[in-house]
Structures are given as structure tokens and as C-alpha cells.
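Please read the structure below before turning to the comments.
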Amino acid sequence: MDEERALYIVRAGEAGAIERVLRDYSDKHRATFKFESADEDKRKKLCEGIFKVLVKGVPTTCQVPCLEVLRILSRDKKILAPVTTEENMQILLRLAKLHESDDSLEKVSEFPVIVESLKCLCNIVFNSQVAQQLSLELNLAAKLCNLLRKCKDRKFINDIKCFDLRLLFVLSLLHTDIRSQLRYELQGLPLLTQILESAFSIKWTDEYESAIDHSGPPLSPQETDCAIEALKALFNVTVDSWKVHKESDSHQFRVMAAVLRHCLLIVGPTEDKTEELHSNAVNLLSNVPVSCLDVLICPLTHEETAQEAATLDELPGDKTAEKDTALKSSAMVYNGMNMEAIHVLLSFMEKRIDKGSSYREGLTPVLSLLTECSRAHRNIRKFLKDQVLPPLRDVTNRPEVGSTVRNKLVRLMTHVDLGVKQIAAEFLFVLCKERVDSLLKYTGYGNAAGLLAARGLLAGGRGDNWYSEDEDTDTEEYKNAKPNINLITGHLEEPMPNPIDEMTEEQKEYEAMKLVNMLDKLSREELLKPMGLKPDGTITPLEEALSQYSVIEETSSDTD
Numbered sequence: 027m028d029e030e031r032a033l034y035i036v037r038a039g040e041a042g043a044i045e046r047v048l049r050d051y052s053d054k055h056r057a058t059f060k061f062e063s064a065d066e067d068k069r070k071k072l073c074e075g076i077f078k079v080l081v082k083g084v085p086t087t088c089q090v091p092c093l094e095v096l097r098i099l100s101r102d103k104k105i106l107a108p109v110t111t112e113e114n115m116q117i118l119l120r121l122a123k124l125h126e127s128d129d130s131l132e133k134v135s136e137f138p139v140i141v142e143s144l145k146c147l148c149n150i151v152f153n154s155q156v157a158q159q160l161s162l163e164l165n166l167a168a169k170l171c172n173l174l175r176k177c178k179d180r181k182f183i184n185d186i187k188c189f190d191l192r193l194l195f196v197l198s199l200l201h202t203d204i205r206s207q208l209r210y211e212l213q214g215l216p217l218l219t220q221i222l223e224s225a226f227s228i229k230w231t232d233e234y235e236s237a238i239d240h241s242g243p244p245l246s247p248q249e250t251d252c253a254i255e256a257l258k259a260l261f262n263v264t265v266d267s268w269k270v271h272k273e274s275d276s277h278q279f280r281v282m283a284a285v286l287r288h289c290l291l292i293v294g295p296t297e298d299k300t301e302e303l304h305s306n307a308v309n310l311l312s313n314v315p316v317s318c319l320d321v322l323i324c325p326l327t328h329e330e331t332a333q334e335a336a337t338l339d340e341l342p343g344d345k346t347a348e349k350d351t352a353l354k355s356s357a358m359v360y361n362g363m364n365m366e367a368i369h370v371l372l373s374f375m376e377k378r379i380d381k382g383s384s385y386r387e388g389l390t391p392v393l394s395l396l397t398e399c400s401r402a403h404r405n406i407r408k409f410l411k412d413q414v415l416p417p418l419r420d421v422t423n424r425p426e427v428g429s430t431v432r433n434k435l436v437r438l439m440t441h442v443d444l445g446v447k448q449i450a451a452e453f454l455f456v457l458c459k460e461r462v463d464s465l466l467k468y469t470g471y472g473n474a475a476g477l478l479a480a481r482g483l484l485a486g487g488r489g490d491n492w493y494s495e496d497e498d499t500d501t502e503e504y505k506n507a508k509p510n511i512n513l514i515t516g517h518l519e520e521p522m523p524n525p526i527d528e529m530t531e532e533q534k535e536y537e538a539m540k541l542v543n544m545l546d547k548l549s550r551e552e553l554l555k556p557m558g559l560k561p562d563g564t565i566t567p568l569e570e571a572l573s574q575y576s577v578i579e580e581t582s583s584d585t586d
């Protein structure tokens, strides 16, 4: 019924009546995402009627409700056939100021029309393959980049930038060819990085360092949304960068990483928006070549070092809160390097673990990022080792029991999701410099068995990567407890009485044969398969493992 009335007025009415009826329709269906199939033809005709109105050059006050209704209707994939013609797409491009002939954005009254046109294009391109093909033919990506260049430094048109970026994200998501065009032909990497700089109001203090005002106001909702859309578009543009990275691109990637460091150190208008902002920053950092991630940490200046020491010295004993804040800031410094960004990543990771769901999508990107950073950059690894795996003192509890970051990560080593447990184990393994004995000390053999089996390290040793040879130092508490630590569970156990001490030799022999028979039965019924370790440390059926050791012994005998 609503469609019939709107269609009648659109076909026969004047601009004022059209504006009123379409505004009523928009208000009523603003939150409608599912439509009745019985009214499908009416909605198609209404779309056609709206385009005829837009061609007439009606006032801006009428164009906006026309586009609002078109945006609502374009949520329905089934009625887009009359919308996705080249003529209609050109109408929307003209209203969105995406034609090459549109040189400026001076008329503020036109901004709502531009925004609504971009919103319509987002829906239409996302829901229609025909529109996606037309976007390629009309070179929509280039037009969007041109519009961004017109408004990249003008904060009062954030909505235009936001939906321009969203449409760019949708295009690059759906077409890999557009990603390549954006990266190389349209210089999308520096352009989108500049959009982020503008959204964050970055002031550079050095080539790859920006000034951080921790006491400043949070980002506005508009700036946050704009930054999030830019981060998503940049992710698509750089998604294969780690494969094709050239030395000539290092500077641009380092600038982007420095901008992302700034992003991690600021907050949005709400906690949820801050998490969304940081989540997209983490995803994008995963695309940055690992050699360029050294800009996430930076050396303290002499002034910062002196100020930090003076702050702690000058605070009186009764200023507990202020001293705690100063000590917390001090804890983010390691070996003369500012580790704030890495600390934020670690806190972000812990929050994602605490959520207890969607680990594959929410947790694995940040865990993977921290693992690669630790593997490539010694200072980052050593800082994270101090935070995640501090020297052991109390070993009365199992490694997976407790609320520390270490306890949470060890629990993930036996998670049901293979990808989650692999990356959690890999992260801890890298923090231990890929040394099996060090990993077992913090996790216990039982929790680490999966990783060690996959890496062929069940017999001990270390991984393939090289790390510095600085030694771990054990605390006195750990040294004293070490003889009584159960290597399987990784915690201190009081000596247990040996149940066979009071048995006679006949009883021992009986129990041994009973166990052999039970294992033999399980093996013959294929409920249990005896396994052994090959010389290279991987698991294999016991017969095969024994035969390989026999061959080795025979070879040794022949040599002797």
C-alpha cells in the first residue's frame, strides 16, 4: 500500500508532494531490511519513477528523500534490474560529484545529496553483479580517488569521505583487479594513508614518529568512522603486500606503520568504537612487511628519559595514584625503547581471549602479528617475554590454571580449534626462542605436545630460526622446586608413594604381564596404535620406528 501511494505521487505529483510522500516512506521503512515478495513489481516501478524525478533536476530538498527511498529499496537484490543500467548509474555518479567535470565541493547544500548518492551506490554495487561490472567499465575506483583528493583535508565533509571510502572498500573487496589498480595506478596507498593522517590530526616529530597527546580529547564519532573505513580499504589494497614487497616500497610501508602506531595509542568516542578502530589497525598491520614493523617501537629521547626519572623521584609517598600511573608508564619502556604500541597490542589480545568466543576471527590476527614481530625484532620479543612469561616463582599450580596472560595462552594450546591452538603455541614457542626446554618449563609437556609433534621436536632441541644466545635466569624458588616438578603437567607435585614397593617379585611380574596383554588386545582390535619416535623427532608407528633405529645401529656397527 505504501509503494502504491508513493508511486502514484511520484508519477503525477509536483516536487513538494513528492518530497512529502517519500519522506514519510523513508521514515516508516528506515529500519526495513526484509521486503514482501508480493510488492516486488511495485518497488521496481517506484525505483524507475524516482530516477525519472532525479533527471528532471528537482530541488535539493526533493533529491534527498528520493535518494533515501532508493537506498532503502536497494537493500532488496531482487528489484535492482531497472536500477543497474548505465544511464541510472551515471545519474547517481553525477549526483555524487563523481564526474570529472565536477571540480569543487563548495555548495554545502549539496552535501546531503552527495552522501545519499554514495550510500545508494554502496548498496547497489554490493548487491548487484551487473552494477559491479558497470563500476569497472565506468572506472568508478578512479572517480572515487579523485573525490577523496578534493576533500581529504577538509574536516567538515567527513560523511562524504566516509561513504566514498566505504564504496572503495566494497569495490576492492569484490574485485581483485581494482586492488591492483588502486595500489599502482591510482596511488591508493599514499592517498589512503594521508586520509588517516588527516583523521588523526597527526603532527610528525620525526620521519616515522608522531606526537601523542594522551590527555587530549578522543576522536569524534565522524573521524572514527572515517578512519575505520580508510583502514578497511587499505587492508584490501595491501592484502598481498607481504608477497610482493619491494625495497622501494619500504618508506611508504613504514609511514603507514607509524600512522597505525599512532592509531593504537589514541581512543575513540566509546570503548566499542576504540576496539573496532584497533581491530582494523591490527588487521592492516598484518599486511605490513615484518621488516617495516620496527617503527612500532621508538627510542626514548633524552628529555623523555629525564622526565620519567624526575616524575618518579619528585612524587611524594602519599601520591599513590600518580605514582602508580608513572610506574605503569615506566613499565612500557624496555631497553630504552618506547613500547606503548606493543603494550596496547598485548592488552588487545588479552581482551579478545577474555571474550571467550570468535577466537579465529578476533584473536588469531593479533596473535599472529605479535608472533611475527617477536620473531623478527629482538626488543619486541624480549619485552613480550617479560610481560607474558616472567621468571617462574610459584609453580604449585598447573600452567593452565590462573588468570595471568601466560595461563590464558597455555589454555589455548589445547583449544578445539586447530588454528587457534597452533598460533597460541607458536607465539609462546617464539617467546622461548624456539627452545623446547624453555617452552616445557612454562607450559608442561602435555600442553606443548601438539606443537612439538607437528614440528618434529618431541625428542627435544630447538626450532629452525636463529635467536640471540642470552640465557634465561631461573629464580631461586624455581631452582628449589625443579626436582619435584612433574614435566608432563608442568607444576610442583609432592613425592607420591610407589605402589609397587610393597609388591613381591611374583606380583610385579603378574601386573606387568596383565598390562602387556591389555595393550596387546587394544592393539589387535585397532583401538590403540603403539607409536614411537623416529630419529628426526616425528611420530610414527612403533614397528617402523624400531626398524629405523635398527638400521642406524647396523650402519654404526659396520662403520666401527
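Numbered as in this note's numbering, the sequence shown ends at 586 without a single skipped number.
A virtual CB, placed ideally from N, CA and C, is assigned to each residue, including glycine.
| said: Quick check on Val79: buried or exposed, where buried means 16 or more other Cβ atoms within 10 Å of its Cβ? | reply: What you label residue 79 is simply residue 53 of the sequence shown in a count that begins at 1. With 16 or more other Cβ atoms inside 10 Å of its own Cβ, Val79 counts as buried.
| To the nearest angstrom, how far is it from the Cα of Leu218 to the Cα of Thr250? | Taking the sequence shown and counting its residues from 1, one reaches residue 218 at position 192. Taking the sequence shown and counting its residues from 1, one reaches residue 250 at position 224. Going by the C-alpha atoms only, they are around 14 angstroms apart.
| said: Is Leu119 near the ligand FAD - that is, is its Cβ less than 7 angstroms away from at least one heavy atom of it? | reply: For the structure depicted, the ligand FAD is absent and the ligand set is empty, with no information on it obtainable.
| beta strand (DSSP E) runs wholly inside the segment 182-238, at least 3 long, in chain order | Runs of the beta strand (DSSP E) inside the segment 182-238: 230-232.
| query | So the alpha helix (DSSP H) Thr296 belongs to, where does it begin and stop? | reply | Start at 1 with the first residue of the sequence shown, and residue 296 comes out as number 270. Note, Thr296: premise wrong, no alpha helix (DSSP H); not H, not E.
| message | Residues in the same chain with beta-carbon distance under 6 angstroms from Cys324, minus the five sequence neighbours each way, listed in chain order, please. | response | Position 298 of the sequence shown, counted from the start, is the residue given in the question as residue 324. Leaving aside the five residues that flank Cys324 on each side, the residues in its chain whose CB is nearer than 6 angstroms to its CB run, in chain order, Glu235 and Asn364.
| Rounded C-alpha distance that separates Val90 from Ala283 | Reading the sequence shown from its first residue, position 64 is the one you call residue 90. Reading the sequence shown from its first residue, position 257 is the one you call residue 283. If you take the alpha carbons of Val90 and Ala283, they lie about 39 angstroms apart.
| request: Report the rounded CA-to-CA distance for Ala41 versus Phe374, giving the unit in angstroms. | output: Here residue 41 corresponds to residue number 15 of the sequence shown, with the count starting at 1. Here residue 374 corresponds to residue number 348 of the sequence shown, with the count starting at 1. Their backbone Cα atoms lie some 52 angstroms apart in a straight line.
| request: Give the straight-line distance between the Cα atoms of Glu30 and Lys434, rounded to the nearest whole angstrom. | output: Stepping through the sequence shown from its first residue, residue 30 is reached at position 4. Stepping through the sequence shown from its first residue, residue 434 is reached at position 408. Glu30 and Lys434: Cα-Cα distance of roughly 59 angstroms.
| field | N-terminal and C-terminal residue of the beta strand (DSSP E) that Pro567 is part of | value | Here residue 567 refers to the residue found at position 541 when the sequence shown is read from its first residue. Run containing Pro567: Ile565 to Pro567, per the beta strand (DSSP E) assignment.
| query | How long is the line joining the alpha carbons of Leu513 and Gly472, rounded to whole angstroms? | reply | Working through the sequence shown from its first residue, we reach residue 513 at position 487. Working through the sequence shown from its first residue, we reach residue 472 at position 446. So the two alpha carbons sit approximately 8 angstroms from each other.
| query | DSSP on Val442, reduced to helix/strand/coil? | reply | As a working note, residue 442 is residue 416 in the sequence shown. DSSP, read as helix, strand or coil, puts Val442 in coil.
| field | Beta bridge counterpart(s) of Pro556 as assigned by DSSP | value | The sequence position of residue 556 within the sequence shown is 530, counting from 1. According to DSSP, Pro556 bridges with nothing at all.
| field | Nearest-angstrom Cα separation, counted from Gly482 out to Pro216 | value | Taking the sequence shown and counting its residues from 1, the one referred to as residue 216 is at position 190. Taking the sequence shown and counting its residues from 1, the one referred to as residue 482 is at position 456. Pro216 and Gly482 have their C-alpha atoms roughly 44 angstroms apart.
| query | Apart from the five residues on each side of it in sequence, which residues of its chain come closer than 8 angstroms, Cβ to Cβ, to Arg37? | reply | Sequence index remark: in the sequence shown, residue 37 carries index 11 (1-based). Cβ neighbours of Arg37 beyond the five flanking positions: Gly75.
| task | Verify whether the separation of the beta carbon atoms of Leu371 and Val285 is less than 8 angstroms. | result | Here residue 371 refers to the residue found at position 345 when the sequence shown is read from its first residue. Here residue 285 refers to the residue found at position 259 when the sequence shown is read from its first residue. Not closer than 8 angstroms, so no.
| request: Using the Cα positions of Ile140 and Val414, report the straight-line distance between them to the nearest angstrom. | output: Start at 1 with the first residue of the sequence shown, and residue 140 comes out as number 114. Start at 1 with the first residue of the sequence shown, and residue 414 comes out as number 388. For Ile140 and Val414, the distance between alpha carbons rounds to 49 angstroms.
| task | Apply the 10 Å Cβ neighbour rule to Gly294 and answer buried if 16 or more other Cβ atoms are within range, or exposed otherwise. | result | Along the sequence shown, read from residue 1 onward, the residue named residue 294 stands at position 268. The residue is buried, with at least 16 neighbouring Cβ atoms inside 10 Å.
| Counted within 10 angstroms of its Cβ, other Cβ atoms place Gln207 as buried (16 or more) or exposed | Looking up residue 207 in the sequence shown gives position 181. Under this definition Gln207 is a buried residue.
| query | What first and last residue would you give for the alpha helix (DSSP H) that runs through Glu532? | reply | One-based indexing of the sequence shown puts residue 532 at position 506. Its alpha helix (DSSP H) spans residues Glu531 to Arg550.
| Alpha carbon to alpha carbon, what distance is there between Glu520 and Asn510? | Residue 510 sits at position 484 when you count from the first residue of the sequence shown. Residue 520 sits at position 494 when you count from the first residue of the sequence shown. Computed Cα separation, rounded: 7 angstroms.
| request: Tell me, please, which residues DSSP counts as bridged to Met363. | output: Sequence index remark: in the sequence shown, residue 363 carries index 337 (1-based). For Met363, which the question treats as bridged, DSSP gives the partners Pro325 and Tyr360.
| Using CA coordinates, which residue listed in Glu302, Phe137, Thr564 and Arg49 is at the minimum distance from Gly486? | Reading the sequence shown from its first residue, position 460 is the one you call residue 486. Among Glu302, Phe137, Thr564 and Arg49, the Cα nearest to that of Gly486 is on Thr564.
| message | I need the straight-line Cα distance from Ile98 to Leu164, nearest angstrom please. | response | For the purposes of this step, residue 98 is taken as the residue at position 72 of the sequence shown. For the purposes of this step, residue 164 is taken as the residue at position 138 of the sequence shown. Their Cα atoms are separated by approximately 24 angstroms.
| request: Quick one: grab the DSSP three-state call for Asn512. | output: The residue given as residue 512 occupies position 486 in the sequence shown. Asn512 falls in the strand class under three-state DSSP.
| field | Cβ distance (whole Å) where Glu452 is taken to contact Thr390 below 8 angstroms | value | Here residue 452 is taken as the residue at index 426 of the sequence shown, counted from 1. Here residue 390 is taken as the residue at index 364 of the sequence shown, counted from 1. Between Glu452 and Thr390 a beta carbon distance of about 11 angstroms is seen, past the 8 angstroms cut, so the two are scored as non-contacting.
| message | Counting C-beta neighbours from all protein chains within 10 Å, is the total for Met115 16 or more, i.e. buried, or is it exposed? | response | By 1-based counting over the sequence shown, the position of residue 115 is 89. The residue is buried, with at least 16 neighbouring Cβ atoms inside 10 Å.
| field | 8 angstroms Cβ cutoff met for Ala225 and Ala256 | value | Counted from its first residue, the sequence shown places residue 225 at position 199. Counted from its first residue, the sequence shown places residue 256 at position 230. The answer is yes: Cβ separation under 8 angstroms.
| request: Compute the distance between the beta-carbons of Ile117 and Lys70, then report whether it is under 8 angstroms. | output: Numbered from 1 along the sequence shown, position 91 holds the residue referred to as residue 117. Numbered from 1 along the sequence shown, position 44 holds the residue referred to as residue 70. No, Cβ-Cβ distance for Ile117 and Lys70 is not below 8 angstroms.
| message | One question on the structure: do Val151 and Ser161 come within less than 8 angstroms of each other, judged by their Cβ atoms? | response | By 1-based counting over the sequence shown, the position of residue 151 is 125. By 1-based counting over the sequence shown, the position of residue 161 is 135. Cβ atoms of Val151 and Ser161: closer than 8 angstroms.
| query | Per DSSP, what kind of secondary structure is Arg488 in: helix, strand or coil? | reply | On the sequence shown, position 462 is the one that residue 488 refers to. Three-state DSSP puts Arg488 in a strand.
| message | How far does the alpha helix (DSSP H) with Met115 in it extend, from its first residue to its last? | response | Position 89 of the sequence shown, counted from the start, is the residue given in the question as residue 115. Glu112 to Leu121 is the extent of the alpha helix (DSSP H) around Met115.
| message | Does Arg407 come out as helix, strand or coil in the three-state DSSP assignment? | response | Position 381 of the sequence shown, counting from 1, holds the residue named residue 407. In this structure, DSSP gives Arg407 a helical state, which the three-state scheme calls helix.
| message | Taking 7 angstroms as the limit between beta carbons, can you name the residues of its chain near Ile35, skipping five residues before and five after? | response | As a first step, residue 35 is located in the sequence shown; it is residue number 9 there, counting from the start. Answer for Ile35: Ala43, Ile44 and Val47, listed in chain order.
| field | Span of the alpha helix (DSSP H) around Ser464 | value | Within the sequence shown, residue 464 is the residue found at index 438, counting from 1. That run of the alpha helix (DSSP H) goes Val462 to Thr469.
| Over what stretch of residues does the alpha helix (DSSP H) that includes Cys88 continue unbroken? | Here residue 88 corresponds to residue number 62 of the sequence shown, with the count starting at 1. In this chain, the alpha helix (DSSP H) harbouring Cys88 covers Thr86 to Leu99.
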